[in-house]
Amino acid sequence: MAQADEPAAHTSFAALAPMRDSHGVAMVRQKADTAVTEQAPRPTLFALFLVFFRIGLLSFGGGLSGWVFREVVTLRGWLDEDEFMSGFAMSQILPGANITNLGVYVGQKLFGVAGAAIVLFALLCGPFFAVIGLASIYGALNSLPFAETAMDGVAAAAIGLLLIVAGRGAKRASRHMASMAALLATFIGVAFLHVSLLLVVVVIGPLSVWAAWNRSAGQ
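Okay, structure coming up:
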């Protein structure tokens, strides 16, 4: 009788093994999902508004793309670097102000149409009222001797922020020969040969997209 019971006991343990494995896989997946959630915190619409309102109100002399990168990628992790660079490239080739295009991209990526509208309003409302308020005293401020020096300092800081984004983009492009070739061709054509930016976008843009498409298809 004892021998007859042994196969049944063995069968029951074998039947429990998949359950234990399934439970273990579920626990691993749960931990992985938790880790992903912790690495990619989702903002609120109000937090998104505050960030871009501050950028629009306190930014001077350009360099806004670098500021957006610092706020959205480096400090808060709302987007990863690849997502930001994709939006940054798109904002450069589309008509309109680059910072507006980039902000709308970030808002749409996080909250869809509502996020895009919030970011657009946040970027524009602060400078709108600031310009109206300062228009009457702009002439007096511009005539002060320290005003030009202060603006030179602000411009230098803005260039530094742009160099951060440019360096990140160059590092990303260096992973692939086609992207690096497009980067160098654009730089040489615009900086040294003074080729029209529209011509560069029309010629090099499609070639770069085609190369990236083929690379993605090959992977």
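Using the UniProt record's numbering, read the sequence shown as starting at 1 and increasing by one per residue. Note that beta-carbon positions come from the ideal geometry of N, C-alpha and C, so glycine has one too.
For ILE55 and VAL68, believed in contact at Cβ under 8 angstroms, the rounded distance: That pair is a contact at about 6 angstroms.
Segment contact, 8 angstroms Cβ cut-off, at least three pairs: the stretch 154 to 161 with the stretch 115 to 134: With a cut-off of 8 angstroms on Cβ pairs, the stretch 154 to 161 is not in contact with the stretch 115 to 134, counting fewer than three such pairs.
Among MET177, VAL200 and LEU207, the one whose alpha carbon lies nearest that of ILE188: Nearest of MET177, VAL200 and LEU207 to ILE188, Cα basis: VAL200.
3-residue-minimum beta strand (DSSP E) runs that sit fully inside the stretch 105 to 183, ordered along the chain: Look at the stretch 105 to 183 and you find no whole run of beta strand (DSSP E) that is 3 residues long or longer.
Other residues of its chain near HIS57: CB distance less than 8 angstroms, five sequence neighbours each side excluded: The sequence shown places Leu at residue 57, rather than the His named in the question. Around LEU57: GLY126, PRO127 and ALA130.
Contact the stretch 110 to 125 vs the stretch 81 to 95: 3+ CB pairs below 8 angstroms: Contact between the stretch 110 to 125 and the stretch 81 to 95 is absent, because fewer than three Cβ pairs lie under 8 angstroms.
Three-way DSSP call (helix, strand, coil) for PRO95 in this model: Assigned with DSSP and collapsed to three states, PRO95 falls in coil, not helix or strand.
Buried or exposed by the 16-neighbour rule on C-beta atoms within 10 Å, applied to VAL202: Exposed: under 16 other Cβ atoms inside 10 Å.
Best match in ILE204, LEU48 and ASN214 for proximity to LEU120 [C-alpha to C-alpha]: LEU120 has its Cα closest to that of LEU48, out of ILE204, LEU48 and ASN214.
Distance, GLY66 Cα to LEU193 Cα: When rounded, the separation of the alpha-carbon atoms in LEU193 and GLY66 is 26 angstroms.
SER59 to ILE204 span [Cα, whole Å]: Whole-angstrom Cα-Cα distance: 31 angstroms.
Residues near VAL195 by beta carbon distance below 7 angstroms, same chain, minus five either side: Here the set comprises GLY189.
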